[in-house]
Ligand SMILES: O=C(O)c1ccccc1NCC(=O)[C@H](O)[C@H](O)COP(=O)(O)O
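Residue numbers (UniProt numbering): 1 to 263.
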């Protein structure tokens with residue numbers, strides 16, 4: 001089970017980090033934090049003027065695809081996303097399976113204006129403080145990786161720190177967890193994180209069950225404008241896209257095309 005494996009590895013790293021840099025130490029650096037979190041609601045909610053909100057992902061590798069992009073410079077990619085009109089960036093910070101690095105958040109935050117998502121396997125409040133210190137505006141919380149109680153506690157602590165969370169679901173059980181925890185932003189991941197199977201009709205089935213007040217993000221397997229248009233028509237506000245962009249030479253043009261702009 002890959003998700004269990006990633007979480008077990010994350011726990012080992014976490015114990016080491018907590019010894020090396022105790023929470024009190026990390027917390028102290030918040031006094032000098034140059035990166036207060038920014039409002040992500042207004043950039044992710046679809047409007048008439050800007051219907052297709054894009055969260056563009058920076059990821060070198062993944063368990064299902066291996067290395068996706070050899071020529072990988074996170075800041076260059078972030079700038080291309082800015083040029084293409086991305087609304088927010090999703091930055092993989094998990095080091096072993098996605099070849100990410102938490103330092104990418106700080107590097108990118110200095111140079112691009114869009115809100116940043118810390119995309120990782122968050123199971124502990126320590127990682128939320130870390131996300132804030134390194135410059136994240138919002139974090140990923142995966143419903144399947146957490147109990148109801150854990151999800152609620154982590155979500156509330158995220159808000160306490162002034163950040164937001166994208167709460168990711170893959171079925172009705174996850175959705176119920178997300179609603180009970182009080183999630184404002186719900187991501188429907190078309191990818192099953194255990195089997196890697198894709199179900200592109202999942203958004204169609206789950207969106208009608210989500211209260212209107214929530215911001216809805218369609219995640220994974222998105223590569224053409226027709227898909228974005230269809231998912232928007234069934235109620236999605238924003239679209240999380242990784243692999244498609246990571247495989248492009250001209251990332252900015254690919255982003256514009258995905259939004260339906262003529263390039
Ligand atoms: O993608 C994987 O192999 C994976 C495995 C285990 C946990 C998470 C995983 N991926 C995270 C994601 O779902 C994607 O990075 C994200 O939604 C973007 O998807 P895509 O556009 O298909 O790269």
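Ideal Cβ positions, reconstructed from N, Cα and C, are used throughout, including at glycine.
8 Å contact criterion, which residue i and residue j should meet: CB distance rounded
| i | j | result |
| --- | --- | --- |
| residue 216 | residue 244 | Not a contact, Cβ separation roughly 20 Å. |
| residue 137 | residue 154 | With 8 Å as the limit, residue 137 and residue 154 do not qualify as a contact, their Cβ atoms being about 16 Å apart. |
| residue 123 | residue 145 | 7 Å |
| residue 55 | residue 240 | 4 Å |
| residue 156 | residue 187 | Their Cβ separation, rounded to whole angstroms, is 18 Å, which puts residue 156 and residue 187 out of contact at 8 Å. |
| residue 126 | residue 18 | 6 Å |
| residue 65 | residue 93 | Their Cβ separation, rounded to whole angstroms, is 18 Å, which puts residue 65 and residue 93 out of contact at 8 Å. |
| residue 68 | residue 247 | 7 Å |
Through-space distance from residue j to residue i, alpha-carbon basis
| i | j | result |
| --- | --- | --- |
| residue 170 | residue 178 | 11 Å |
| residue 36 | residue 132 | 8 Å |
| residue 101 | residue 107 | 10 Å |
| residue 211 | residue 185 | 11 Å |
| residue 147 | residue 52 | 32 Å |
| residue 251 | residue 79 | 10 Å |
| residue 235 | residue 173 | 20 Å |
| residue 109 | residue 24 | 24 Å |
| residue 29 | residue 139 | 19 Å |
| residue 73 | residue 32 | 27 Å |
| residue 152 | residue 12 | 23 Å |
| residue 22 | residue 75 | 29 Å |
| residue 265 | residue 263 | The shown model of the chain, from 1 to 263, leaves out residue 265, and the question about it has no answer. |
| residue 39 | residue 113 | 12 Å |
Any non-hydrogen atom of ligand 2 closer than 7 Å to residue i Cβ
| i | result |
| --- | --- |
| residue 7 | This structure does not include ligand 2; its bound ligands are ligand 1. |
Ligand 1 heavy atom lying under 7 Å from the CB of residue i
| i | result |
| --- | --- |
| residue 12 | no |
| residue 160 | no |
| residue 117 | no |
| residue 219 | yes |
| residue 196 | yes |
| residue 57 | yes |
| residue 65 | yes |
| residue 243 | yes |
| residue 201 | no |
| residue 216 | no |
| residue 2 | yes |
| residue 222 | yes |
| residue 33 | no |
| residue 9 | no |
Mind pulling the beta strand (DSSP E) runs of 3 or more residues that sit fully within the segment 12-62? Within the segment 12-62, the runs of beta strand (DSSP E) that reach at least 3 residues and sit entirely inside it are, in chain order, 53-58.
Could you tell me which uninterrupted beta strand (DSSP E) segments, each at least 3 residues in length, are contained entirely in the segment 135-170, listed from first to last along the chain? Correct list: 138-142 and 164-169.
Okay, do the segment 54-65 and the segment 157-164 touch, 3+ Cβ pairs below 8 Å being the bar? Counting Cβ pairs under 8 Å, fewer than three are found: no touch.
Does the segment 80-100 come close enough to the segment 244-255 to have 3 or more Cβ pairs within less than 8 Å? yes
Stretch-stretch touch, CB-based, cutoff 8 Å, three pairs: the segment 194-207 with the segment 227-237: Counting Cβ pairs under 8 Å, three or more are found: they touch.
Whole runs of the beta strand (DSSP E) within the segment 187-221, excluding any shorter than 3 residues: Within the segment 187-221, the beta strand (DSSP E) runs of at least 3 residues that lie entirely inside it are, in chain order, 215-219.
Quick one: any contact between the segment 1-12 and the segment 188-195, if contact means 3 or more CB pairs under 8 Å? yes
For the segment 71-120, which segments carrying the beta strand (DSSP E) assignment without a break, of at least 3 residues, lie completely within its bounds, in sequence order? 88-92 and 116-119
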